[in-house]
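K.L.:
Counted the way the numbering used here counts, the sequence shown spans residues 279 to 598. All C-beta atoms in this analysis are idealised placements derived from N, C-alpha and C, irrespective of residue type, glycine included. Note that the structure is predicted; figures quoted are calculated from it, not measured.
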Amino acid sequence: MRGRLAAVSVDLDEIPNYFAIHGLAVPERSGAAAALHAVYDVALPRIAAFAASHGIPVTLFAIGQDLARPESAAALRALSDAGHAVENHSYWHRYDLSRLPRAAIAEDVLLGAEAIVEAVGRRPTGFRAPGYTVSDALFDALEAVGVAFDSSVFPSPPYYAAKALAMGVQRVKGRGSAAILDTPRVLAAPRRPYRPGRPWYLRGGRRFVELPIQVTPGPRLPVIGTSVALAGAAGARLLARACAGEGFVNLELHGMDFLDRSDGLEALAPVQPELRVALGRRMEALGAFVEEIARGGRGGGGGARFVRLDEASRERGLVA
Numbered sequence: 279m280r281g282r283l284a285a286v287s288v289d290l291d292e293i294p295n296y297f298a299i300h301g302l303a304v305p306e307r308s309g310a311a312a313a314l315h316a317v318y319d320v321a322l323p324r325i326a327a328f329a330a331s332h333g334i335p336v337t338l339f340a341i342g343q344d345l346a347r348p349e350s351a352a353a354l355r356a357l358s359d360a361g362h363a364v365e366n367h368s369y370w371h372r373y374d375l376s377r378l379p380r381a382a383i384a385e386d387v388l389l390g391a392e393a394i395v396e397a398v399g400r401r402p403t404g405f406r407a408p409g410y411t412v413s414d415a416l417f418d419a420l421e422a423v424g425v426a427f428d429s430s431v432f433p434s435p436p437y438y439a440a441k442a443l444a445m446g447v448q449r450v451k452g453r454g455s456a457a458i459l460d461t462p463r464v465l466a467a468p469r470r471p472y473r474p475g476r477p478w479y480l481r482g483g484r485r486f487v488e489l490p491i492q493v494t495p496g497p498r499l500p501v502i503g504t505s506v507a508l509a510g511a512a513g514a515r516l517l518a519r520a521c522a523g524e525g526f527v528n529l530e531l532h533g534m535d536f537l538d539r540s541d542g543l544e545a546l547a548p549v550q551p552e553l554r555v556a557l558g559r560r561m562e563a564l565g566a567f568v569e570e571i572a573r574g575g576r577g578g579g580g581g582a583r584f585v586r587l588d589e590a591s592r593e594r595g596l597v598a
């Protein structure tokens, strides 16, 4: 591998998905309804500006059904034409996708890919599962359609525990959730890029590469948009330094990380952690993380070169 690599990817989950996660009804008020497309209308330009300000490419994971809206498809194509990658985040964004029959999984994956082809004129080569939840059946479908990489496996005990607790609290409050809790076997998966086997959390000989969601060495703390942004600039630099010795750093964000409660999201602010922190503070933290990774941190052995995930998946030496 030619030096250290890093990538920033953004899941473009639109606002109704967040209401579903929290077991809340989607507001029908005119102002709130207008905000239901805030990820494409408001966050996407901010993502482009963030990438430009740091001189990095981003990988965007799009949900196929969202691209039926012409304005969303056009906004995504503009970023694709500017050199950013657009990859498949499924068609329906069903959190239980990995538990569906194999034919239904394959249909969803293919529909998502076709929607992206129609929107941006390029076939995606990568996939990210809704809710980070995968299975052998899902990986069979990905292998059958010939993806080059998946980036869904999230082997973080603290994240797993926090998600289980949050879902439990919601149940106690009488609110369901569209989200599901992954098998705890995910915690046994490698934290660095690998070729999955069967079962999927072990190394094997599948034809595609798994690029796990970033965790720190040792305690495997989650290194995602929420944890980096909520840590503040100083905490974000510490997280970056914890990853400074890694050959590949895979920072995963969401469109929500680029939104503020004043973007018509007041109804989500009490339950969505990011919205409790001012957008400017979050952007400062994300910028600090990217800059620290690019510099290499303290004793990190040199800075990382930022690439798209499809480029990372093709890099020789990335997979041990």
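Excluding the 5 residues preceding and the 5 following residue 347 in the sequence, name in chain order all residues of the same chain whose CB lies nearer than 8 Å to its CB.
P.N.:
Same-chain partners within the cutoff: 315 and 318.
K.L.:
Three-state secondary structure (DSSP) at residue 491?
P.N.:
Three-state result, residue 491: coil.
K.L.:
I believe residue 345 touches residue 298 by the beta-carbon criterion, under 8 Å. Please report the beta-carbon distance rounded to the nearest angstrom.
P.N.:
With 8 Å as the limit, residue 345 and residue 298 do not qualify as a contact, their Cβ atoms being about 19 Å apart.
K.L.:
Does DSSP put residue 570 in a helix, a strand or coil?
P.N.:
Residue state, collapsed to three classes: helix.
K.L.:
What residue range is occupied by the uninterrupted beta strand (DSSP E) comprising residue 357?
P.N.:
Where residue 357 is concerned, there is no enclosing beta strand (DSSP E), although the alpha helix (DSSP H) it sits in stretches over 348-359.
K.L.:
Grouping DSSP H, G and I as helix and E and B as strand, with all else coil, what is residue 532?
P.N.:
In the structure shown, residue 532 sits in a strand (DSSP, three-state: E or B).
K.L.:
Can you give the Cα-Cα distance for residue 505 and residue 329, rounded to whole angstroms?
P.N.:
Going from the Cα of residue 505 to the Cα of residue 329 covers about 19 Å.
K.L.:
Could you compute how far the alpha carbon of residue 290 sits from the alpha carbon of residue 532?
P.N.:
Taking the straight line joining both Cα atoms gives about 6 Å.
K.L.:
Under the three-state reduction of DSSP, which class applies to residue 501: helix, strand or coil?
P.N.:
Of the three classes helix, strand and coil, the one that applies to residue 501 here is coil, per DSSP.
K.L.:
Given this structure, state the Cα-to-Cα distance separating residue 360 from residue 450, to the nearest angstrom.
P.N.:
Looking at the two C-alpha atoms, the distance is approximately 46 Å.
K.L.:
State the DSSP-derived secondary structure class of residue 557, mapped to helix, strand or coil.
P.N.:
Helix, per DSSP.
K.L.:
Starting from the Cα of residue 457, find the closest Cα among 342, 424, 334 and 377 and give me that residue.
P.N.:
Ranking the options by Cα distance to residue 457, first place goes to 377.
K.L.:
Excluding five sequence neighbours on each side, which residues of the same chain lie with their C-beta closer than 7 Å to the C-beta of residue 279?
P.N.:
Because the pLDDT at residue 279 is just 44, under 50, the model does not fix this residue reliably, and the value given afterwards should be weighed accordingly. Contacts found: 525, 593, 594, 595 and 596.
K.L.:
Could you give the first and the last residue of the continuous alpha helix (DSSP H) run that contains residue 421?
P.N.:
Looking at the DSSP string, the run of the alpha helix (DSSP H) that includes residue 421 is 414-423.
K.L.:
I believe residue 283 touches residue 583 by the beta-carbon criterion, under 8 Å. Please report the beta-carbon distance rounded to the nearest angstrom.
P.N.:
Rounded, the Cβ-Cβ distance is 6 Å, consistent with contact.
K.L.:
With three or more C-beta pairs closer than 8 Å as the rule, is the segment 505-521 touching the segment 554-566?
P.N.:
Yes, since at least three Cβ pairs between the segment 554-566 and the segment 505-521 fall closer than 8 Å, the two stretches touch.
K.L.:
Who are the near neighbours of residue 301 in its chain, counting only those whose CB is closer than 6 Å to its CB and skipping five residues on each side?
P.N.:
Closer than 6 Å at the Cβ level, and outside the excluded window around residue 301, lie 448, 453, 454 and 455.
K.L.:
Closest to residue 343 by CA distance: which of 485, 296, 370 and 408 is it?
P.N.:
When only C-alpha atoms are compared, the closest one is 370.
K.L.:
If you count every other CB in all the chains shown that lies within 10 Å of the CB of residue 580, and 16 or more means buried, which is it?
P.N.:
Label assigned to residue 580: exposed.
K.L.:
Where DSSP assigns a beta bridge to residue 583, which residues make up the other side?
P.N.:
In the DSSP output, where bridge partners are listed per residue, residue 583 has 283.
K.L.:
How would you label residue 485, buried or exposed, when you count the other beta carbons within 10 angstroms and need 16 or more for buried?
P.N.:
When all chains shown are included, residue 485 counts as exposed.
K.L.:
Between which residues of its own chain and residue 434 is the CB-CB distance below 6 Å, once the five residues before and five after are set aside?
P.N.:
The answer, listed in chain order, is 493, 498 and 500.
K.L.:
Can you grab the Cα-Cα spacing for the pair residue 353 / residue 322, in whole Å?
P.N.:
The straight-line gap from Cα to Cα measures roughly 7 Å.
K.L.:
Quick check: the Cα distance between residue 549 and residue 446, rounded to an integer number of angstroms?
P.N.:
Computed Cα separation, rounded: 14 Å.
K.L.:
Could you tell me the alpha carbon to alpha carbon distance between residue 613 and residue 568, rounded to whole angstroms?
P.N.:
One cannot answer for residue 613 here, as it falls past the ends of the chain, which runs 279 to 598.
K.L.:
What do you reckon, are the CB atoms on residue 411 and residue 438 nearer than 9 Å?
P.N.:
No, the Cβ-Cβ distance between residue 411 and residue 438 is not below 9 Å.
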